[in-house]
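Be aware that the sequence shown starts at 676, since it is given in my numbering, and climbs by one per residue. One structure below.
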Amino acid sequence: MLVGFHGYAEDAETQLERLSAIPESNRWLIVSIQALHRFYRGRTTLVAASWMTRQDREAAIADNIAYVATCIDAAAAEWPTLPIVVFAGFSQGVAMAFRAAVNAGHRVASVIAAGGDIPPEIKPAELERVSAVLIARGKSDNWYTAEQFAMDEQRLRRCSVDVRALTLNAGHEWSNDLIAAAPQFLRDRLA
């Protein structure tokens, strides 16, 4: 199962399109989850969502983890899959991808993370549950800094996570270079 988490002010369909663009993604059951906290984007009727804000952060994290687990269990009940899950997040969705991975239970969990950092509350013993991570940052990304990217890579390595770190010729985006790197990462999860 390939489970997607969109960025701030995006929707599940946006992340579904990103994941579907990955070559060989058709070998995976793709599930894109829309954040619980929805709002109208600007002064339009377009609905977007956010995973959380600083207010009531701990309660929102618990709600999101329970919600994601329910979504994954429902998808697995309808479409039987191997117990292998890759969580793929962009920007704000990266934090949710890591939270879902460390709470994946009996499933083997990996993460594709683009343009977002590992949540500070995740402890080393929890990160050790993640089998592999493809972590990516655009060279001109002003949101996910080079310093934070380096700290996240080291944090994963200290937890003995199999890490592939990519600095891409991109900004704060889910780039074509990431789409080109993802198929090998996915193949390795099935090997």
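We put the CB at the ideal spot given by N, CA and C, even for glycine. Here the structure is a predicted model, which means the values were calculated and not measured.
Contact between Ile697 and Ala857 is confirmed by a C-beta separation of about 5 Å, below the 8 Å threshold. For Ile793, no beta strand (DSSP E) segment is defined, and its DSSP state is neither H nor E. Judged by DSSP secondary structure, Arg702 falls outside any beta strand (DSSP E); it is assigned neither H nor E. By the CB criterion at 8 Å, Ser850 and Gly813 fall inside the cutoff. When DSSP states are grouped into helix, strand and coil, Ala723 belongs to the strand group.
Excluding the 5 residues flanking it on each side, Tyr715 has same chain C-beta neighbours closer than 8 Å at Leu721, Val722, Ala723, in chain order. For the set Glu733, Phe680, Phe824, Ala684, the Cα lying nearest the Cα of Glu796 is the one of Glu733.
Per the C-alpha coordinates, the member of Ala770, Leu757, Pro794, Glu801 positioned closest to Val777 is Glu801. Listed as beta-bridge partners of Thr745 by DSSP are no residues whatsoever. Look at Asp837 here: in three-state DSSP terms it is strand.
With respect to Leu861, Trp703 sits close: the two C-beta atoms are nearer than 8 Å.
Straight-line measurement puts the Cα of Glu699 at about 39 Å from the Cα of Gln730. By a beta-carbon distance limit of 8 Å, Gly764 contacts Ala772. Their separation comes to about 3 Å. When secondary structure is reduced to three states using DSSP, Glu685 falls in the strand class. The residue among Pro799, Gly679, Ser766 with its C-alpha nearest the C-alpha of Gln829 is Pro799.
Beta bridge pairing from DSSP links Arg713 with Ala724. Within the same chain, and ignoring the five residues on either side of Val808 in sequence, the residues whose Cβ sits closer than 6 Å to its Cβ are Val786, Leu831, Val836, Val838. Judged by DSSP secondary structure, Leu677 falls outside any alpha helix (DSSP H) and instead within the beta strand (DSSP E) spanning 677 to 680.
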